[in-house]
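Counting along the sequence shown from 1, when you hit position 30 you're at 29 in numbering that gives the first Met the number 0, and nothing is skipped either side.
Backbone N, C-alpha and C fix where the C-beta goes; we use that ideal spot for every residue, glycine too.
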Amino acid sequence: MSKSNSFLSFKRNANSGFTLLEVIVALAITGFVLGSLFSLVGGSKQLGWKSQESLLMATRTRAAINFVLLENEYRDVEEILQDTTYDIVPQDILEEPERKTQPSVYTLQAFEIVNRDSDKIISGSRWIQLELPQ
Numbered sequence: 000m001s002k003s004n005s006f007l008s009f010k011r012n013a014n015s016g017f018t019l020l021e022v023i024v025a026l027a028i029t030g031f032v033l034g035s036l037f038s039l040v041g042g043s044k045q046l047g048w049k050s051q052e053s054l055l056m057a058t059r060t061r062a063a064i065n066f067v068l069l070e071n072e073y074r075d076v077e078e079i080l081q082d083t084t085y086d087i088v089p090q091d092i093l094e095e096p097e098r099k100t101q102p103s104v105y106t107l108q109a110f111e112i113v114n115r116d117s118d119k120i121i122s123g124s125r126w127i128q129l130e131l132p133q
């Protein structure tokens, strides 16, 4: 009886705990899960940085466009955009309409905003005041 008792106690001790194979499998699964989570977090960080750069570029472009629209001969606008990547290039005065009901000292002028970094060109038109004798 003591022999069977010692056998049962040995069997009970052998079953308490994890085998080396179970521990390795659990660590491998945990590693895969953590690796995928870290790659997701890293990807979202990169996406956040790219969207922040894109938003900053769009804001600077919008500020340059607003400045061009406000900067004309009959307004004195102080340039608040300290960004040298945009060049404002005035173009020709657009053609006057064939028929006018009233004379006007204002006309439309084309302009281009050139981004030196990305070689993008934004075209538009703005009102300017003509220097006419009165």
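Note that the C-beta distance between F110 and Q90 is below 9 Å. Counting C-beta pairs with one atom in each stretch, the region 111-121 and the region 53-63 have three or more that are closer than 8 Å, which means they touch. Here the alpha carbons of V32 and L19 stand approximately 20 Å from one another.
Per DSSP, reduced to three states, the secondary structure at F31 is helical.
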